[in-house]
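Residue numbers (the numbering used here): 886 to 963.
Glycine residues also receive a C-beta, built at the ideal position from the N, C-alpha and C atoms.
Keep in mind that this is a model prediction, so the values were computed, not measured.
Accompanying notes for the structure given below.
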């Protein structure tokens, strides 16, 4: 199973909960078992995205620092 994201949702400059709303709307674009990434620079995303994953039973894989913000990698579990 690859940890490389197949889809990246660009949410730099958006305030939470917008990155999560964008993620929720697009997670079905990747097959089950694959990874989707969300880029975000809102500090709340570091807590909010892993929380969303727990609530929705998706796997939070990693927070990867970027020049601006981070890329949050989520594995689609169902």
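Three-state class that DSSP yields for residue i in the structure shown
{"i": "residue 952", "result": "coil"}
{"i": "residue 935", "result": "helix"}
{"i": "residue 896", "result": "coil"}
Own chain, CB closer than 7 angstroms to residue i, minus 5 neighbours either side, in chain order
{"i": "residue 901", "result": "927, 929, 930, 933"}
Selection from the options that minimises the alpha carbon distance to residue i
{"i": "residue 954", "options": "924, 944, 946", "result": "924"}
With 16 other Cβ atoms within 10 Å as the buried cut-off, status of residue i
{"i": "residue 908", "result": "buried"}
{"i": "residue 904", "result": "buried"}
{"i": "residue 947", "result": "exposed"}
{"i": "residue 1019", "result": "No information on residue 1019 is available, as it lies outside the stretch 886 to 963 that the chain covers here."}
{"i": "residue 890", "result": "buried"}
Close-in-space but distant-in-sequence residues of the same chain around residue i (CB under 8 angstroms, 5 per side omitted)
{"i": "residue 942", "result": "962, 963"}
{"i": "residue 959", "result": "908, 912, 920, 921, 922, 923, 934, 938, 943, 944, 945, 946"}
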